[in-house]
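Taking it in order: structure first as structure tokens, then the write-up.
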Amino acid sequence: MKEAVKIRELCSAERAANFNEVVLGYNEQEALEEAKRCLQCKNPVCIKGCPVGINIKKFIGEVAKKDYKAAYCTLKDKNDFPSICGRVCPAEYQCRKACVLTKKDSPFASEQAINIHFLERFAGDFGNEKKVDVVAAHDGTVGDKKVAVVGSGPAGICCAGELARQGVKVTVFESLHKTGGVLRYGIPPFRLPRTVLDFEINCLEKLGVKIITNFIIGKTKSLNDLFAEGYSAIFLGLGAGIPSFLGVEGENLCNIYSANEFLTRVNLMQAYKFPEYHTPVNIGKHVVVIGGGNTAMDAARVALRLQKMNGIKPNTTIFYRRTEVEMPARRLEIEHAKEEGVKFEFLVQPIAFSGDKNGCVQKLRSLRCKLGEPDSSGRRRPVPIEHSEFEVECDGAIIALGLQANTILTNAVPELKVDKYKDIIVNPETMETSIKGVYAGGDIVGGEGTVIEAMGMAKKASRAIVNYLKACN
Ligand SMILES: Cc1cc2nc3c(=O)[nH]c(=O)nc-3n(C[C@H](O)[C@H](O)[C@H](O)COP(=O)(O)OP(=O)(O)OC[C@H]3O[C@@H](n4cnc5c(N)ncnc54)[C@H](O)[C@@H]3O)c2cc1C
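Residue 489, in the working numbering, is where the sequence shown stops; the numbers in between run on with no holes.
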């Protein structure tokens with residue numbers, strides 16, 4: 017079996033102090049070589065590993081035959097944004113893990129597994145560059161119905177696109193001044209260039225989707241206002257925008273950020289161009305990032321870049337309470353973080369921050385841990401070791417412990433049923449909520465997930481909405 021074709025990347029020195037895309041992708045020759053490694057299994061189990069069931073075998077076969085347009089159409093049949101997912105999907109836990117070339121019982125994909133995500137990116141970029149048109153013909157039976165989509169993250173924009181292609185008049189309401197949700201304010205441009213995201217948003221607008229930013233549903237207008245204005249149905253893609261904290265002493269000292277605030281300041285408000293842009297971040301000499309997911313990796317890599325851009329000797333350390341194997345972050349991001357110089361402290365549990373006389377964080381005290389029995393997530397529980405306390409210099413900290421439901425709208429609408437985590441409860445077949453004609457999907461349903469999962473739910477909701485609209489006629 018041939019070795020997997022390596023992906024071209026900027027070398028770590030080239031990524032030092034900028035936000036340029038790190039992964040450069042496959043060129044045609046590389047994509048062909050990788051596609052030809054695919055065994056074209058009789059029973060393609062990789063498809064079961066994809067949350068939206070892309071016909072992976074088919075699209076890779078089409079790449080291998082140089083029919084890139086067909087590959088793009090096969091991808092688009094199930095996934096509206098292959099260029100985005102090819103860049104951000106945690107394929108090593110999904111399709112690549114299911115690939116027969118992954119060793120049995122491996123916690124994530126083996127290196128030999130087909131690089132499905134890089135091939136998806138190749139075909140996705142091809143389709144976008146060549147402006148391949150895959151607008152589905154619709155039968156016009158939804159009439160001139162209007163649907164409101166709340167939130168412009170992957171769930172919202174996916175639902176909007178699907179509905180617009182069915183001839184529905186869609187308006188997207190977004191509370192921030194820019195569209196994209198986490199794709200813009202969370203994931204840094206060195207992982208997802210804004211040109212890729214903007215292209216997809218422009219396509220939506222070309223389909224006739226109207227986008228209104230700086231508009232909070234639940235504050236500026238209620239759901240009832242939208243119905244009164246003639247929207248026949250509403251889709252809620254509100255996301256999980258509320259950060260979790262450690263709850264330890266000193267956590268409210270200056271220069272301790274939630275990862276959400278830190279990344280939003282940098283990615284959305286362009287803090288790295290301060291003073292040209294007006295939202296700064298104070299970047300310290302000893303930055304500690306607490307967490308082990310994608311958010312932690314993004315925050316650490318951004319912090320390190322800011323240290324370099326500000327002439328500070330890079331010193332950013334990730335504190336994680338389990339070991340590297342249990343880290344939920346994409347393996348590629350962990351590798352990139354290491355290559356760029358991010359340091360890691362595994363099996364540590366922060367217990368208190370202390371500050372200077374100005375109220376700025378100065379030190380972080382932690383305990384060492386060992387792994388105990390598996391918890392409800394199936395991962396081994398970290399158990400603090402007695403008398404193992406230690407202290408490190410820390411003049412900047414970023415808490416990246418996960419996100420919870422955005423409650424602005426759900427608090428304002430008591431009839432909208434939520435669970436104990438404040439996630440919206442839906443009928444899993446249709447994604448309809450407790451309010452007739454109101455549907456939901458993405459992280460606001462079932463908690464923090466992935467881009468492709470959010471899109472999968474949005475697609476399901478859009479199908480149910482179209483049926484609902486037809487039934488209303
Ligand atoms: C830093 C970070 C990195 C990540 N990296 C990855 C990755 O590499 N791969 C991956 O698959 N997943 C990743 N994820 C997870 C992924 O981004 C989310 O699962 C996905 O964005 C969820 O999509 P969504 O549309 O449900 O919500 P969001 O992307 O959160 O979008 C929700 C949008 O709704 C808007 N909104 C909320 N309430 C209202 C209201 N009342 N009125 C109007 N607008 C409103 C918000 O402003 C926001 O723009 C990452 C998450 C974070 C935070």
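The beta-carbon is built from N, C-alpha and C at its ideal position, and this holds for glycine as well.
Bridge-paired residues (DSSP) for residue i
i	result
Ile350	According to DSSP, which records beta bridges pairwise, Ile350 is partnered with nothing at all.
Ile250	Ala164, Val454
Thr333	Val304, Lys359
Pro259	Leu419
Glu25	Val39
Cys272	The question names Cys, but residue 272 is Ile in the sequence shown. DSSP, once it has assigned bridges, lists Ala413 as partnering Ile272.
Arg514	The question about residue 514 has no answer here: the residues shown for the chain are numbered 17 through 489.
Cys376	Cys270
Pro390	Arg396
Lys18	Lys18 pairs with nothing; no bridge assigned.
Val188	Val165, Ile227
Lys237	Ile233
Val555	Limits of the chain in this structure are 17 at one end and 489 at the other, which puts residue 555 out of reach.
Glu265	Ala368
Glu448	Tyr455
Whole-number beta carbon distance between residue j and residue i, since they are thought to touch under 8 Å
i	j	result
Glu389	Arg396	7 Å
Phe180	Leu220	According to the sequence shown, residue 180 is Ala rather than Phe. Contact holds; Cβ gap of about 7 Å.
Lys379	Cys410	6 Å
Phe142	Glu267	Their Cβ separation, rounded to whole angstroms, is 47 Å, which puts Phe142 and Glu267 out of contact at 8 Å.
Arg346	Asn310	6 Å
Ile299	Asn276	Ile299 to Asn276, Cβ: 17 Å. No contact.
Glu265	Phe231	Glu265 to Phe231, Cβ: 39 Å. No contact.
Tyr247	Lys301	The pair is not a contact, with the Cβ atoms about 52 Å apart (cut-off 8 Å).
Gly202	Ser168	Going by Cβ atoms, the distance from Gly202 to Ser168 rounds to 13 Å, so no, they are not a contact pair.
Gly457	Ala256	So it is not a contact: roughly 12 Å between Cβ atoms.
Asp314	Leu279	6 Å
Thr236	Lys194	Not quite, the Cβ-Cβ distance comes to about 17 Å (not below 8 Å), so this is no contact.
Ala107	Tyr484	Not a contact, Cβ separation roughly 34 Å.
Ile23	Gly41	7 Å
Val461	Val482	Not quite, the Cβ-Cβ distance comes to about 19 Å (not below 8 Å), so this is no contact.
Asn271	Gly412	5 Å
Val148	Lys85	5 Å
Lys475	Cys27	With 8 Å as the limit, Lys475 and Cys27 do not qualify as a contact, their Cβ atoms being about 38 Å apart.
Own chain residues within Cβ distance below 6 Å of residue i, not counting five before or after
i	result
Gly102	His133, Glu136, Arg137, Gly140
Leu387	Arg396
Pro400	Gln365, Leu383, Cys385
Thr157	Lys486
Tyr109	Phe124
Pro67	Ile468, Glu469, Gly472
Cys54	Ile76, Ile130
Thr446	Ala480
Gly224	Ala180
Ala316	Val305, Thr332, Ile334, Ala353, Val358
Val21	Glu46, Glu49, Glu50
Cys89	Val150
Glu303	The residue asked about is misnamed: residue 303 is Val in this sequence, not Glu. Taken in chain order, the residues that qualify are Ala319, Thr332, Gly412.
Contacting residues, own chain, Cβ-Cβ under 8 Å from residue i (five flanking each side not counted)
i	result
Glu4	Outside the displayed span of the chain (17 to 489) sits residue 4, for which this structure offers no information.
Ile100	Gly140, Pro170, Leu199, Leu208, Val212, Leu213, Glu216, Val467
Arg381	Pro366, Ile367, Ala368, Phe369, Ser370, Glu405, Phe406, Glu407
His154	Arg181, Gln182, Gly183
Val429	Gly234, Ser238, Leu239, Ile451
Gln56	Lys73, Ile76, Gly77
Neighbourhood of residue i by C-beta distance below 7 Å, restricted to the same chain and skipping five residues each side
i	result
Gln286	Tyr293
Thr426	Leu432, Val434, Lys438, Ile440
Lys324	Ala32, Ala33, Pro330
Ala51	Ile76, Val79, Ala80, Leu135
Gly357	Leu320, Pro330
Phe290	Pro296
Ile424	Ile232, Gly234, Lys235
Check: residue i C-beta below 7 Å from any heavy atom of ligand 2
i	result
Val282	Ligand 2 is not part of the structure shown, which contains ligand 1 as its ligands.
Next on the checklist: Tell me whether the stretch 306 to 322 and the stretch 233 to 248 touch, counting them as touching only if at least three CB pairs, one residue from each stretch, are closer than 8 Å.
Outcome noted: no
Next on the checklist: For the stretch 448 to 468 against the stretch 259 to 272, do three or more pairs of beta-carbon atoms, one drawn from each stretch, fall closer than 8 Å, so that the two count as touching?
Outcome noted: no
Next on the checklist: Quick test of the definition: if touching needs 3 or more C-beta pairs under 8 Å, does the stretch 109 to 125 touch the stretch 176 to 196?
Outcome noted: no
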